[in-house]
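Taken in sequence, the protein lines are chains A and B.
Taking UniProt numbering, the leading residue of the first sequence gets 1, the next gets one more, and so forth.
Taking UniProt numbering, the leading residue of the second sequence gets 1, the next gets one more, and so forth.
Each residue gets a CB set at the ideal place from its N, CA and C atoms; glycine is no exception.
Fair warning: this is a prediction, and the values are worked out from it, not measured in the lab.
Quick notes on the structure that follows.
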Amino acid sequence: MLEGIMIGLSTAFTLTNLMMVIGGCLIGTFIGMLPGLGPMSIISIMIPVAITIGDPSAALILLAGVYYGAIFGGSTSSILINAPGVASTVATSFDGYPLARAGKAGKALTVAAISSFCGGSIGAILLMIFAPALATVALLFHSSEYFALMVVGLSAIAAFAGTGQVAKAMLMTVLGLIMATVGEGALFNLPRFTMGIMDLQSGFGFITLAMAMFALPEALYLVLDPSRSNTEGGGGEIKDLRITKEEAKEIAPVIGRQSVQGFLIGVLPGAGATIASFLGYAVERNIASKEDQEKFGKGSVKGLAAPEAANNAACTGSFVPLLTLGIPGSGTTAILLGALIALNVNPGPRLMIDQPEIFWAVIISMYIGNLVLLVLNLPLIPYIAKVLAVPRNYLIPFILFFTMMGAYIGQNNATELLLLVGLGICATVLRFADYPLAPLLIGFILGSMLEDNFARSMQLYDGIGFIMERPMTLGLLGIAVILIILPSYRARRARMRARGIADGD
Amino acid sequence: MALDRWIALVILMICMAYGYAAFFTIDAGLPPFMQRNAIWPSTFPKVLTVLAIISSVIIVLGKSKGSEELKDGDIDYTRLTDYKLGQALSLLAMMAIYALMLRPVGFVISTVAFLSISAVILGERKYVYLLPITVLATGIVWYLVQVVLGIYLRPLPYFLGTGG
Numbered sequence: 001m002l003e004g005i006m007i008g009l010s011t012a013f014t015l016t017n018l019m020m021v022i023g024g025c026l027i028g029t030f031i032g033m034l035p036g037l038g039p040m041s042i043i044s045i046m047i048p049v050a051i052t053i054g055d056p057s058a059a060l061i062l063l064a065g066v067y068y069g070a071i072f073g074g075s076t077s078s079i080l081i082n083a084p085g086v087a088s089t090v091a092t093s094f095d096g097y098p099l100a101r102a103g104k105a106g107k108a109l110t111v112a113a114i115s116s117f118c119g120g121s122i123g124a125i126l127l128m129i130f131a132p133a134l135a136t137v138a139l140l141f142h143s144s145e146y147f148a149l150m151v152v153g154l155s156a157i158a159a160f161a162g163t164g165q166v167a168k169a170m171l172m173t174v175l176g177l178i179m180a181t182v183g184e185g186a187l188f189n190l191p192r193f194t195m196g197i198m199d200l201q202s203g204f205g206f207i208t209l210a211m212a213m214f215a216l217p218e219a220l221y222l223v224l225d226p227s228r229s230n231t232e233g234g235g236g237e238i239k240d241l242r243i244t245k246e247e248a249k250e251i252a253p254v255i256g257r258q259s260v261q262g263f264l265i266g267v268l269p270g271a272g273a274t275i276a277s278f279l280g281y282a283v284e285r286n287i288a289s290k291e292d293q294e295k296f297g298k299g300s301v302k303g304l305a306a307p308e309a310a311n312n313a314a315c316t317g318s319f320v321p322l323l324t325l326g327i328p329g330s331g332t333t334a335i336l337l338g339a340l341i342a343l344n345v346n347p348g349p350r351l352m353i354d355q356p357e358i359f360w361a362v363i364i365s366m367y368i369g370n371l372v373l374l375v376l377n378l379p380l381i382p383y384i385a386k387v388l389a390v391p392r393n394y395l396i397p398f399i400l401f402f403t404m405m406g407a408y409i410g411q412n413n414a415t416e417l418l419l420l421v422g423l424g425i426c427a428t429v430l431r432f433a434d435y436p437l438a439p440l441l442i443g444f445i446l447g448s449m450l451e452d453n454f455a456r457s458m459q460l461y462d463g464i465g466f467i468m469e470r471p472m473t474l475g476l477l478g479i480a481v482i483l484i485i486l487p488s489y490r491a492r493r494a495r496m497r498a499r500g501i502a503d504g505d
Numbered sequence: 001m002a003l004d005r006w007i008a009l010v011i012l013m014i015c016m017a018y019g020y021a022a023f024f025t026i027d028a029g030l031p032p033f034m035q036r037n038a039i040w041p042s043t044f045p046k047v048l049t050v051l052a053i054i055s056s057v058i059i060v061l062g063k064s065k066g067s068e069e070l071k072d073g074d075i076d077y078t079r080l081t082d083y084k085l086g087q088a089l090s091l092l093a094m095m096a097i098y099a100l101m102l103r104p105v106g107f108v109i110s111t112v113a114f115l116s117i118s119a120v121i122l123g124e125r126k127y128v129y130l131l132p133i134t135v136l137a138t139g140i141v142w143y144l145v146q147v148v149l150g151i152y153l154r155p156l157p158y159f160l161g162t163g164g
């Protein structure tokens with residue numbers, strides 16, 4: 001591991017890569033602060049830029065920097081204007097916004113930044129320990145286990161979607177997988193489901209799909225409902241970024257607990273930063289003393305530190321399955337996986353052996369990224385926050401324009417833009433009806449890999465027999481079935497029980 | 001029937017068409033040597049068809065959420081006309097027009113037009129600021145994409161040369 005860290009340090013500490021981290025964090029913070037552009041949209045927009053760089057380490061460092069920056073930017077807008085750009089920073093606004101309203105915006109931002117920094121750093125240390133261990137185990141996997149593992153990952157995403165949402169999440173995942181079968185697969189060299197349209201020969205572009213699923217619906221929501229882009233108070237003054245010794249003492253144990261808990265939740269596919277932040281907030285409120293509990297929701301520093309530490313640790317945790325198994329657990333890591341594949345990097349257990357410089361440079365860049373956010377971005381926040389004063393009439397056309405540019409530059413094809421508009425409308429309608437969209441994208445990105453591994457296992461074992469012949473595959477598929485059935489069963493039982501009580505009245 | 005079940009019904013139809021192709025048409029042109037394989041190009045799509053049909057049927061037959069369970073910040077699709085629907089549709093039309101115009105008219109003119117007209121649709125009336133800002137932004141983006149990233153974007157209309 002020490003050798004790996006040294007490789008990582010020597011790669012990350014080159015001038016270009018340092019610039020990438022700093023630039024990525026700044027761009028991420030800037031754009032992440034704007035309503036309507038979450039980390040997924042920003043990373044999708046940045047992918048063509050990253051691919052042009054050519055060097056996979058530098059590109060991935062840039063994208064990871066953008067990711068942290070966007071999350072930090074999202075927290076900032078949650079605190080300052082109570083407009084969380086992403087679901088994972090909603091819990092931040094519970095206590096961050098009351099603090100800002102009480103004139104302590106500077107203090108709130110510092111607490112958030114320190115908690116994020118600690119959460120991210122502790123997460124990175126845990127990643128260093130966990131990832132190599134998991135990669136060693138993963139080396140024993142065959143294609144059939146990979147297939148089963150991906151099925152587990154996709155089932156977990158559906159299972160964690162929430163009550164009443166399991167079937168919807170599953171349908172979206174399968175729809176993503178179906179979309180991935182469109183076009184010419186590497187395995188058969190046979191165009192499938194193209195309906196004779198030449199532009200579909202190479203399948204759907206993943207950047208186009210990512211933009212259509214996330215950036216475009218969000219922008220349309222901003223247009224439909226002007227109150228969503230209400231950025232009043234954003235241009236206000238932010239003073240006094242210092243926190244007292246007592247406050248530091250108060251938040252230290254919270255950060256410690258939530259970093260570990262957040263990381264572990266982040267490792268689970270499908271759970272991610274949103275669940276980590278809400279759970280972190282709830283746990284800390286429950287274990288706090290009675291008088292501290294009263295303060296939660298009214299501007300408690302503990303209530304602010306908990307979700308911030310947890311969501312950053314979870315973001316780092318989500319890199320574990322991505323870097324060791326090549327399986328993304330969240331929409332953002334799915335987009336990063338797409339970028340890695342475009343850069344000719346094959347994420348998985350071999351990554352650590354074949355391209356250790358990429359693996360370790362990303363981990364080291366996480367430290368640097370967190371440091372940059374704390375040391376460089378925090379003092380700059382009063383100036384960066386001015387971006388919130390951009391009027392809606394300018395903001396929305398530019399968001400739409402950048403969305404289109406992201407799709408166009410990636411493919412250099414104007415038809416892709418029409419596809420983007422069409423898919424974007426579909427995604428908006430799906431969002432109206434409360435269908436989760438991240439599973440669709442994850443299914444789409446994993447689709448070809450899932451089919452490849454399935455086909456390879458079928459060929460090796462001459463049929464479906466591989467499921468029975470490999471106990472680990474059978475076990476993993478069993479877990480997948482339980483993951484799908486259990487939440488539905490529990491929801492059904494809860495419904496029955498509720499009905500029983502109602503009848504008794 | 002609520003929107004989510006209608007959507008599930010539409011997806012069910014699409015999946016049936018997909019399934020028809022997977023089960024009946026896709027293997028028609030399969031060369032004989034590939035027919036001996038354990039896996040055909042249609043195998044995986046067949047599995048997906050079954051899964052998709054099961055999950056969409058569950059949603060179609062299940063209980064859907066009413067609009068009263070709306071989460072904070074969500075849009076109530078039953079009252080869509082209460083929102084700025086006209087603006088949203090106009091902007092979508094602008095995007096489609098931009099997609100069709102980008103090649104023939106060139107990047108500069110189409111982008112300036114897209115940004116300015118979209119801002120006007122949203123209610124911007126300070127034309128004195130609008131035009132310089134959009135021209136400047138278009139110029140910067142063109143420079144970044146063409147010169148810094150090295151990705152070709154034809155700046156001028158087709159009859160004025162390639163501009164590269």
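Simplified DSSP state of residue i, which is helix, strand or coil
| i | result |
| --- | --- |
| Pro321 (chain A) | helix |
| Lys295 (chain A) | helix |
| Gly348 (chain A) | coil |
| Arg497 (chain A) | helix |
| Pro191 (chain A) | strand |
| Phe107 (chain B) | helix |
| Gly183 (chain A) | strand |
| Gly234 (chain A) | Its pLDDT being 49, under 50, Gly234 (chain A) is placed unreliably in this model, and the coordinates cannot settle the point. |
| Tyr408 (chain A) | helix |
| Asp4 (chain B) | helix |
| Asp95 (chain A) | helix |
| Phe141 (chain A) | coil |
| Ser10 (chain A) | helix |
| Ser289 (chain A) | coil |
| Arg492 (chain A) | helix |
| Gly66 (chain B) | Note that Gly66 (chain B) scores 48 on pLDDT, short of 50, meaning its location in the model is unreliable; the coordinates nonetheless yield the value given after this. Three-state result, Gly66 (chain B): coil. |
| Asn413 (chain A) | coil |
| Leu127 (chain A) | helix |
| Ile121 (chain B) | helix |
| Met468 (chain A) | helix |
| Ile485 (chain A) | helix |
Interface residues of chain B facing residue i [CB-CB closer than 9 Å]
| i | result |
| --- | --- |
| Met404 (chain A) | Met95, Tyr98, Ala99, Leu102 and Phe114 |
| Asp240 (chain A) | Those do not exist, as Asp240 (chain A) stays about 31 Å from chain B at its closest Cβ, beyond 9 Å. |
Cross-chain neighbours of residue i in chain A, by beta carbon under 8 Å
| i | result |
| --- | --- |
| Thr111 (chain B) | Phe401 |
| Leu85 (chain B) | Leu224 |
| Leu131 (chain B) | Within 8 Å Cβ-Cβ: nothing; Leu131 (chain B) doesn't reach chain A, min ~12 Å. |
| Leu3 (chain B) | Val429, Phe432 and Ala433 |
Among the options, nearest to residue i - alpha-carbon criterion
| i | options | result |
| --- | --- | --- |
| Ser42 (chain A) | A:Thr14, A:Gly65 and A:Arg493 | Note on residue identity: the sequence assigns Ile, not Ser, to residue 42 (chain A). Looking at the Cα atoms, A:Gly65 is the closest of the given residues. |
| Phe44 (chain B) | B:Ile59, B:Ser56 and B:Asp27 | B:Asp27 |
| Leu476 (chain A) | A:His142, A:Leu37 and A:Ala305 | A:His142 |
| Pro132 (chain B) | B:Val108, B:Ala52, B:Gly62 and B:Phe23 | B:Val108 |
| Val49 (chain A) | A:Leu37, A:Gly23, A:Asn311 and A:Arg470 | A:Gly23 |
| Ser116 (chain A) | A:Ala135, A:Met366, A:Phe402 and A:Asn413 | A:Met366 |
Neighbour list for residue i in chain A, Cβ cutoff strictly below 7 Å
| i | result |
| --- | --- |
| Ala119 (chain B) | Asn393, Tyr394 and Pro397 |
| Val145 (chain B) | Ile409 |
| Leu92 (chain B) | Val421 and Ile425 |
Chain-ordered neighbours of residue i on chain A, where CB pairs are closer than 9 Å
| i | result |
| --- | --- |
| Val141 (chain B) | Phe401, Phe402 and Met405 |
| Gly150 (chain B) | Thr52 |
| Tyr18 (chain B) | Ile178, Thr181 and Phe193 |
| Tyr77 (chain B) | Val429, Phe432 and Ala433 |
Per-residue contacts from residue i into chain B (C-beta, under 8 Å)
| i | result |
| --- | --- |
| Asp199 (chain A) | Correct list: empty, because the minimum Cβ distance to chain B is about 12 Å. |
Amino acids of chain B, ordered along the chain, whose beta-carbon sits closer than 7 Å to that of residue i
| i | result |
| --- | --- |
| Ile368 (chain A) | Ordered by position in chain B, no residue passes the 7 Å Cβ test against Ile368 (chain A), which lies about 24 Å from the chain. |
| Val174 (chain A) | Leu48, Leu51, Ala52 and Ser55 |
Requested in this report: Check whether the segment 368-376 of chain A touches the segment 326-334 of chain A, taking contact to mean three or more Cβ pairs, one atom from each stretch, closer than 8 Å.
Outcome: no
Query raised in the report: Relative to chain A, which residues along the segment 25-52 of chain B have a C-beta separation below 9 Å, given in chain order?
Result: Ile26, Gly29, Leu30, Met34, Asn37, Ala38, Ile39, Trp40, Pro41, Ser42, Thr43, Phe44, Pro45, Val47, Leu48, Thr49, Leu51 and Ala52
**Report entry** the segment 311-327 of chain A / the segment 284-297 of chain A touching (three or more Cβ pairs under 8 Å)
**Finding:** no
Requested in this report: Assess, as a yes-or-no matter, whether the segment 443-455 of chain A is touched by the segment 90-107 of chain B under the definition of 3 or more beta carbon pairs within less than 8 Å.
Outcome: no
Query raised in the report: Looking at chain B, which residues of the segment 75-102 of chain A have a Cβ within less than 7 Å of any of its Cβ atoms?
Result: none
Query raised in the report: At a cut of 8 Å, does the segment 24-38 of chain A reach the segment 64-81 of chain A through at least three beta carbon pairs?
Result: yes
Query raised in the report: For the 8 Å Cβ check, are there 3 or more pairs between the segment 349-369 of chain A and the segment 93-110 of chain B?
Result: no
Query raised in the report: Is the segment 164-176 of chain A close to the segment 425-445 of chain A, with three or more CB pairs under 8 Å?
Result: yes
Query raised in the report: If contact means a Cβ-Cβ distance below 7 Å, which residues of the segment 438-459 of chain A contact chain B?
Result: Glu451, Phe454, Ala455, Met458 and Gln459
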